[in-house]
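Below is one structure, written out as structure tokens, with a few remarks after it.
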Amino acid sequence: MAPRASLGLRARLLFAFALLCVVTAAAVTGGMYVDARNAILQRTQDAAVQAMKRRMEQLFPLRSVAPGPDELREIAGTMTDGDNRAVAVYHEVHSLSGPAPGRWRPDWKWQILDPKVIPPRLRQTVADGVMAWQRVVWQGEPYLIIGAPLLVVGEDRTTRVSGIEVYTARSLGPEQRSIDELAGRAWLAGGAALAFAVVLALLATRGVLGPVRELGRAARLLGEGNMRTRIAVRGSDELADVARTFNTAAAELERHVKQLREMEADARRFVADVSHELRTPLAALAAVADVLEEEAARLPEPAGRAAMLVSQETLNLTALVNDLIEISRFDSGVAALALNEVDVAELVRATLRVRGWSESVHTELAPGVTARLDPRRVDVVLANLVGNALRHGEPPVSVRLRADAHWIVLEVRDHGPGLAEAVLPHVFDRFYKASAARARSEGSGLGLAIARENARLHRGDLTVTNAPDGGAMFTLRLPRQAVDPDGSPE
Amino acid sequence: MGELRGRAVKPGGGSRVLLIEDDPAIREGLELALTRHGHRVRAVESGEQGLDRLRTDLPDVVVLDLMLPGMDGFEVCRRIRAAGEVPIIMLTARGDDMDVVAGLEAGADDYVVKPVQPRVLEARIGAVLRRIGRDQAELERYGDLTIDRAGLVVASRGVPVSLAPTELRLLLELSGTPGRVHSRQQLLESVWEHGYFGDSRLVDACVQRLRAKIEDDSAAPVYVQTVRGFGYRFGPV
Numbered sequence: 001m002a003p004r005a006s007l008g009l010r011a012r013l014l015f016a017f018a019l020l021c022v023v024t025a026a027a028v029t030g031g032m033y034v035d036a037r038n039a040i041l042q043r044t045q046d047a048a049v050q051a052m053k054r055r056m057e058q059l060f061p062l063r064s065v066a067p068g069p070d071e072l073r074e075i076a077g078t079m080t081d082g083d084n085r086a087v088a089v090y091h092e093v094h095s096l097s098g099p100a101p102g103r104w105r106p107d108w109k110w111q112i113l114d115p116k117v118i119p120p121r122l123r124q125t126v127a128d129g130v131m132a133w134q135r136v137v138w139q140g141e142p143y144l145i146i147g148a149p150l151l152v153v154g155e156d157r158t159t160r161v162s163g164i165e166v167y168t169a170r171s172l173g174p175e176q177r178s179i180d181e182l183a184g185r186a187w188l189a190g191g192a193a194l195a196f197a198v199v200l201a202l203l204a205t206r207g208v209l210g211p212v213r214e215l216g217r218a219a220r221l222l223g224e225g226n227m228r229t230r231i232a233v234r235g236s237d238e239l240a241d242v243a244r245t246f247n248t249a250a251a252e253l254e255r256h257v258k259q260l261r262e263m264e265a266d267a268r269r270f271v272a273d274v275s276h277e278l279r280t281p282l283a284a285l286a287a288v289a290d291v292l293e294e295e296a297a298r299l300p301e302p303a304g305r306a307a308m309l310v311s312q313e314t315l316n317l318t319a320l321v322n323d324l325i326e327i328s329r330f331d332s333g334v335a336a337l338a339l340n341e342v343d344v345a346e347l348v349r350a351t352l353r354v355r356g357w358s359e360s361v362h363t364e365l366a367p368g369v370t371a372r373l374d375p376r377r378v379d380v381v382l383a384n385l386v387g388n389a390l391r392h393g394e395p396p397v398s399v400r401l402r403a404d405a406h407w408i409v410l411e412v413r414d415h416g417p418g419l420a421e422a423v424l425p426h427v428f429d430r431f432y433k434a435s436a437a438r439a440r441s442e443g444s445g446l447g448l449a450i451a452r453e454n455a456r457l458h459r460g461d462l463t464v465t466n467a468p469d470g471g472a473m474f475t476l477r478l479p480r481q482a483v484d485p486d487g488s489p490e
Numbered sequence: 001m002g003e004l005r006g007r008a009v010k011p012g013g014g015s016r017v018l019l020i021e022d023d024p025a026i027r028e029g030l031e032l033a034l035t036r037h038g039h040r041v042r043a044v045e046s047g048e049q050g051l052d053r054l055r056t057d058l059p060d061v062v063v064l065d066l067m068l069p070g071m072d073g074f075e076v077c078r079r080i081r082a083a084g085e086v087p088i089i090m091l092t093a094r095g096d097d098m099d100v101v102a103g104l105e106a107g108a109d110d111y112v113v114k115p116v117q118p119r120v121l122e123a124r125i126g127a128v129l130r131r132i133g134r135d136q137a138e139l140e141r142y143g144d145l146t147i148d149r150a151g152l153v154v155a156s157r158g159v160p161v162s163l164a165p166t167e168l169r170l171l172l173e174l175s176g177t178p179g180r181v182h183s184r185q186q187l188l189e190s191v192w193e194h195g196y197f198g199d200s201r202l203v204d205a206c207v208q209r210l211r212a213k214i215e216d217d218s219a220a221p222v223y224v225q226t227v228r229g230f231g232y233r234f235g236p237v
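Here it is as structure tokens:
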């Protein structure tokens with residue numbers, strides 16, 4: 001059905017919009033975020049390195065090339081300010097080793113740096129005489145650790161590594177918070193863009209899907225036979241083109257269907273008119289056919305046989321015209337049901353009895369099945385089916401009645417060879433003859449068509465199959481409570 | 001009900017038939033066929049002539065085509081019914097269901113569909129002309145209604161009610177077994193002598209006419225009651 005298809009289209013459009021938005025937002029805000037973050041960190045780093053270099057100049061001249069913990073502490077003290085911590089290391093000795101110094105200042109504890117925090121690779125680099133820095137996380141906070149070797153200048157004006165390394169750690173907390181804030185804003189912007197994209201997508205899908213859905217609805221109505229269905233054309237986009245094309249096609253279709261219906265109605269009216277026109281002369285003929293038949297035996301030949309023939313054919317012609325009139329009544333929709341509550345088994349027995357078939361037909365009738373139907377019409381159907389089975393099929397011919405709460409089912413079958421597969425779909429066609437060679441036999445050629453119309457008038461159906469063990473089987477299904485379309489009061 | 005069922009008028013019993021039919025061929029054909037069956041047939045071509053003949057010929061049965069030039073068949077039917085209780089058999093065109101209903105409401109007793117087979121018409125004539133057997137039974141009283149099966153007189157509050165033969169037969173059939181439900185099929189067989197598959201509208205139309213004559217309020221019948229889905233029942237009063 002249409003709702004699922006349009007949902008699918010909507011979901012796809014939404015997904016595409018959202019994806020586009022997410023990718024764009026990620027690219028833009030992500031790029032900006034990375035740039036800004038790098039810039040912030042770089043600036044902080046540069047400033048810290050510069051500050052450290054300035055401080056280191058205050059260390060010279062060194063008092064000893066092999067300092068003890070106190071001297072190292074001294075060095076570390078010089079390297080610290082309010083913002084950072086420092087430690088000075090000389091081989092295995094560092095500014096924190098050894099006993100607590102007398103010049104210990106309580107605020108130093110905020111300024112000391114545990115050498116264990118310094119990554120080994122950084123130390124390695126520094127030990128090689130290069131100033132280096134690295135970001136680490138210590139006690140849950142990011143730090144920038146800068147390490148620098150103290151160089152001494154020898155008499156020959158060459159520099160060499162003194163073995164003293166100074167490390168400072170600067171908290172990157174404020175920067176981290178700025179970056180976090182930046183990230184938060186990036187997320188916010190991305191989310192807002194996504195929401196905006198979804199809203200935009202919804203609007204767009206509504207703009208596209210509305211007309212598409214209307215087109216679907218109109219096509220469905222058209223398919224149901226509502227030929228006047230048209231679509232309101234809005235705007236001048238592709239969808240409007242489609243709507244215009246649809247309207248043109250629908251108009252053309254309506255014209256064709258109307259034309260066909262008119263032709264069909266004309267044809268049917270013609271049949272009805274012809275039948276009615278035939279009736280008056282036929283009524284006169286029928287009135288005297290009996291007389292002819294009774295006199296035929298006393299007339300000299302060939303007048304006697306001629307009289308017999310005229311009489312017999314008058315009866316056949318009467319039957320044919322009656323059937324034609326009956327079928328035109330179905331066609332014009334004036335056929336009505338005269339509903340009565342009847343015992344169905346009794347109805348079947350009456351049909352067989354009236355025509356003298358009680359002996360030749362085997363019945364299997366569920367007792368006590370009552371139904372509200374038009375007995376005359378059901379009799380017509382049954383008589384036709386049983387008559388056909390007796391004439392064209394092989395005995396035994398059987399009639400079976402079954403019923404459930406809502407339906408009665410009457411099966412009429414014979415035990416002949418059955419009907420050819422090619423014939424089955426056409427059995428109920430008007431004037432259909434199974435073989436062209438078959439002579440104009442009993443019946444008008446309308447019997448089964450009328451039978452089916454009668455079944456359908458009851459809102460039931462009449463079908464035919466070949467029974468598995470041979471023979472044609474006609475199945476008449478009728479509702480137990482047929483509804484009179486005109487709403488009979490009884 | 002055997003005792004109610006009288007001796008049927010034999011074909012050739014010499015009943016007088018008034019045939020009103022405008023088409024000359026059908027008129028002649030039916031006249032020929034009915035005459036052959038021993039009836040004395042008066043055939044006329046219009047309703048006006050038919051009503052004239054009704055007064056002078058006093059026919060036993062009228063065979064009336066519904067499609068007539070000038071005064072139409074329904075009007076003729078009503079006027080014949082107003083003049084007396086002679087049985088009327090309509091000739092109707094197949095497929096004109098409304099005509100059947102309207103004709104039955106106008107007072108026709110039965111109908112035959114054209115093209116008519118004379119033996120069918122003959123059987124219908126036989127049925128409507130069948131004499132009603134008389135019983136030696138006592139006068140039956142049901143509320144304000146009295147039925148005299150010996151004199152074949154029905155009276156409401158002592159005033160005789162004029163019933164057409166089919167109406168009288170239907171009332172006698174139903175009141176013969178008060179309280180028992182008769183299906184339309186049964187009534188068609190016993191009153192109209194139609195087969196099992198007769199037109200049940202005959203029964204319904206006749207019941208309507210009967211109610212109009214014997215019930216105080218046709219919409220709330222006391223004597224001829226409808227048993228929905230099954231048929232009709234006389235009483236209980």
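Going down the list, the protein sequences come from chains V and F.
Under my numbering, the first residue of the first sequence carries the number 1, and numbering increases by one thereafter.
Under my numbering, the first residue of the second sequence carries the number 1, and numbering increases by one thereafter.
C-beta atoms are modelled at their ideal positions from N, C-alpha and C, and glycine is treated no differently.
Keep in mind the model is a prediction, meaning the values are calculated, not measured.
- Per-residue burial, P211 of chain V [other beta carbons within 10 Å of its own, 16 or more giving buried]: Looking up residue 211 of chain V in the first sequence gives position 211. Burial call: buried.
- Does the separation of the CB atoms of G179 of chain F and G231 of chain F fall below 7 angstroms? Against the second sequence, residue 179 of chain F aligns to sequence position 179. Against the second sequence, residue 231 of chain F aligns to sequence position 231. Cβ distance not < 7 angstroms, so G179 of chain F and G231 of chain F don't count as in contact.
- Task: Figure out for me which residue from V:R135, V:T158, V:Q124 has the closest Cα to the Cα of P149 of chain V.
- Result: Residue mapping note: residue 149 of chain V aligns to position 149 of the first sequence, counting from 1. Nearest option by C-alpha distance: V:Q124.
- So with Cβ pairs under 7 angstroms, would you call A283 of chain V a contact of chain F? In the first sequence, the residue the question calls residue 283 of chain V occupies position 283. So, interface residue.
- Task: Give a yes or no on whether the C-beta atoms belonging to G460 of chain V and L446 of chain V are separated by under 7 angstroms.
- Result: If you number the first sequence from 1, residue 460 of chain V lands on position 460. If you number the first sequence from 1, residue 446 of chain V lands on position 446. No, the pair does not count as a contact, with Cβ atoms beyond the cut-off.
- Backbone CA spacing between S171 of chain V and R37 of chain V [nearest angstrom]: One-based indexing of the first sequence puts residue 171 of chain V at position 171. One-based indexing of the first sequence puts residue 37 of chain V at position 37. So the alpha carbons of these two residues sit roughly 16 angstroms apart.
- Query: For D343 of chain V, which option in F:E31, F:F197, F:V224 has the closest C-alpha, if you only look at C-alpha atoms?
  - Reply: As a working note, residue 343 of chain V is residue 343 in the first sequence. Closest by alpha carbon: F:F197.
- Query: With 16 as the cutoff for other CB atoms within 10 Å, does G393 of chain V come out buried or exposed?
  - Reply: Taking the first residue of the first sequence as position 1, residue 393 of chain V is located at position 393. With 16 or more other Cβ atoms within 10 Å, it is buried.
- Item | Among V:A26, V:M79, V:D323, V:T24, the one whose alpha carbon lies nearest that of Q50 of chain V | Working through the first sequence from its first residue, we reach residue 50 of chain V at position 50. Among V:A26, V:M79, V:D323, V:T24, the Cα nearest to that of Q50 of chain V belongs to V:M79.
- Reference F330 of chain V, options V:L113, V:E453, V:K258, V:T465, closest by Cα: On the first sequence, position 330 is the one that residue 330 of chain V refers to. The shortest C-alpha separation from F330 of chain V is found at V:E453.
- Message: Our contact map puts V76 of chain F next to G50 of chain F with C-beta atoms below 8 angstroms; I'd like the distance itself, whole angstroms only.
- Response: In the second sequence, residue 76 of chain F corresponds to position 76, counting from 1. In the second sequence, residue 50 of chain F corresponds to position 50, counting from 1. At roughly 6 angstroms, the Cβ-Cβ gap stays under 8 angstroms, so V76 of chain F and G50 of chain F are in contact.
- C-beta contact flag for V412 of chain V and V380 of chain V at 7 angstroms: Numbered from its first residue, the first sequence carries residue 412 of chain V at position 412. Numbered from its first residue, the first sequence carries residue 380 of chain V at position 380. No, the Cβ-Cβ distance between V412 of chain V and V380 of chain V is not below 7 angstroms.
- For a contact meaning CB atoms closer than 9 angstroms, what does L163 of chain F contact in chain V? Taking the second sequence and counting its residues from 1, the one referred to as residue 163 of chain F is at position 163. Simply none; closest approach about 23 angstroms.
- Taking 7 angstroms as the CB-CB cut-off, is A33 of chain F touching chain V? Along the second sequence, one-based indexing puts residue 33 of chain F at 33. Chain V, which has a Cβ nearer than 7 angstroms to the Cβ of A33 of chain F, makes this yes.
- Message: For L492 of chain V and G235 of chain V, what's the separation of their Cα atoms in angstroms?
- Response: Chain V is shown from 1 up to 490; residue 492 of chain V falls before or after that span and cannot be answered.
- Message: Let me check understanding here. Comparing Cα to Cα, which of V:D414, V:F428, V:G368 lies closest to A467 of chain V?
- Response: Here residue 467 of chain V corresponds to residue number 467 of the first sequence, with the count starting at 1. For the residues V:D414, V:F428, V:G368, the minimum Cα distance to A467 of chain V belongs to V:D414.
- Task: Apply the 10 Å Cβ neighbour rule to T11 of chain V and answer buried if 16 or more other Cβ atoms are within range, or exposed otherwise.
- Result: Stepping through the first sequence from its first residue, residue 11 of chain V is reached at position 11. Here residue 11 of chain V is Ala; the residue named in the question, Thr, does not match the sequence. It counts as exposed.
- Message: So, for A286 of chain V: in the same chain, excluding its five sequence neighbours on each side, which residues have a beta-carbon less than 7 angstroms away from its beta-carbon?
- Response: Numbered from 1 along the first sequence, position 286 holds the residue referred to as residue 286 of chain V. Correct list, in chain order: T314, T318.
- Query: Counting contacts by CB-CB distance shorter than 7 angstroms, is Y196 of chain F in contact with chain V?
  - Reply: The residue given as residue 196 of chain F occupies position 196 in the second sequence. So, interface residue.
- Message: Please give the ranges of any alpha helix (DSSP H) in the stretch 304 to 384 of chain V, keeping only runs that are unbroken, at least 4 residues long and fully inside the region.
- Response: 344 to 354
- Please work out which residues of its chain come closer than 6 angstroms, Cβ to Cβ, to L390 of chain V, disregarding the five sequence neighbours upstream and downstream, and give them in chain order. Translated into the one-based positions of the first sequence, residue 390 of chain V becomes position 390. Answer for L390 of chain V: V397, listed in chain order.
- Query: Out of curiosity, what's the CA-to-CA distance linking V28 of chain V and D35 of chain V?
  - Reply: The residue you call residue 28 of chain V lines up with position 28 of the first sequence. The residue you call residue 35 of chain V lines up with position 35 of the first sequence. Approximately 11 angstroms between the Cα atoms of the pair.
- Task: Pick out the complete alpha helix (DSSP H) segments inside the stretch 48 to 81 of chain V, 4 residues or longer, and give them in chain order.
- Result: 69 to 79
- Item | Buried/exposed call for A449 of chain V, threshold 16 Cβ in 10 Å | Working through the first sequence from its first residue, we reach residue 449 of chain V at position 449. A449 of chain V comes out buried.
- Task: Give a yes or no on whether the minimum CB-CB distance between R377 of chain V and chain F is below 7 angstroms.
- Result: One-based indexing of the first sequence puts residue 377 of chain V at position 377. Chain F contact via Cβ: absent.
- Query: Using a C-beta to C-beta distance shorter than 9 angstroms, which residues of chain V count as neighbours of E199 of chain F?
  - Reply: Here residue 199 of chain F is taken as the residue at index 199 of the second sequence, counted from 1. Reading the sequence as shown, one finds Asp at residue 199 of chain F and not Glu. Those within 9 angstroms of D199 of chain F in chain V are A338, R376.
- Task: Look at the alpha carbon of V116 of chain F and the alpha carbon of T166 of chain F, and state the distance between them as a whole number of angstroms.
- Result: Position 116 of the second sequence, counted from the start, is the residue given in the question as residue 116 of chain F. Position 166 of the second sequence, counted from the start, is the residue given in the question as residue 166 of chain F. Distance between the alpha carbons of V116 of chain F and T166 of chain F: 22 angstroms.
- Smallest Cα separation from P24 of chain F: which of F:L18, F:H39, F:A43, F:T35? Indexing the second sequence from 1 puts residue 24 of chain F at position 24. Answer by Cα proximity: F:A43.
- Message: 7 angstroms is my cut-off, CB to CB: does A25 of chain F come that close to chain C?
- Response: The structure shown contains no chain C; its protein chains are V and F.
- Answer yes if the stretch 180 to 193 of chain F comes into contact with the stretch 135 to 149 of chain F, meaning at least three C-beta pairs across the two stretches below 8 angstroms, and no otherwise. no
- Item | Residue-level contact to chain F via CB, D290 of chain V, 7 angstroms cutoff | In the first sequence, the residue the question calls residue 290 of chain V occupies position 290. By this cut-off, D290 of chain V is an interface position.
- Task: Leaving aside the five residues before and after K213 of chain F along the sequence, list all residues of the same chain whose C-beta is less than 6 angstroms from its C-beta, in chain order.
- Result: Counted from its first residue, the second sequence places residue 213 of chain F at position 213. Counting only Cβ-Cβ distances below 6 angstroms, and skipping sequence neighbours, we find V161.
- Start-to-end residues for the alpha helix (DSSP H) that takes in G126 of chain F: To locate residue 126 of chain F, count along the second sequence from 1; it is residue 126. Unbroken alpha helix (DSSP H) run through G126 of chain F: 118 to 129.
- Quick one: what's P142 of chain V bridged to in DSSP? In the first sequence, residue 142 of chain V corresponds to position 142, counting from 1. Its beta-bridge partners are V:V137.
- Item | Alpha-carbon to alpha-carbon, G140 of chain V and N84 of chain V | As a first step, residue 84 of chain V is located in the first sequence; it is residue number 84 there, counting from the start. As a first step, residue 140 of chain V is located in the first sequence; it is residue number 140 there, counting from the start. The straight-line gap from Cα to Cα measures roughly 16 angstroms.
- Tell me, please, whether the CB atom of T318 of chain V is closer than 7 angstroms to any CB atom in chain F? Numbered from 1 along the first sequence, position 318 holds the residue referred to as residue 318 of chain V. For T318 of chain V, the answer is yes, since a Cβ of chain F falls inside 7 angstroms of its Cβ.
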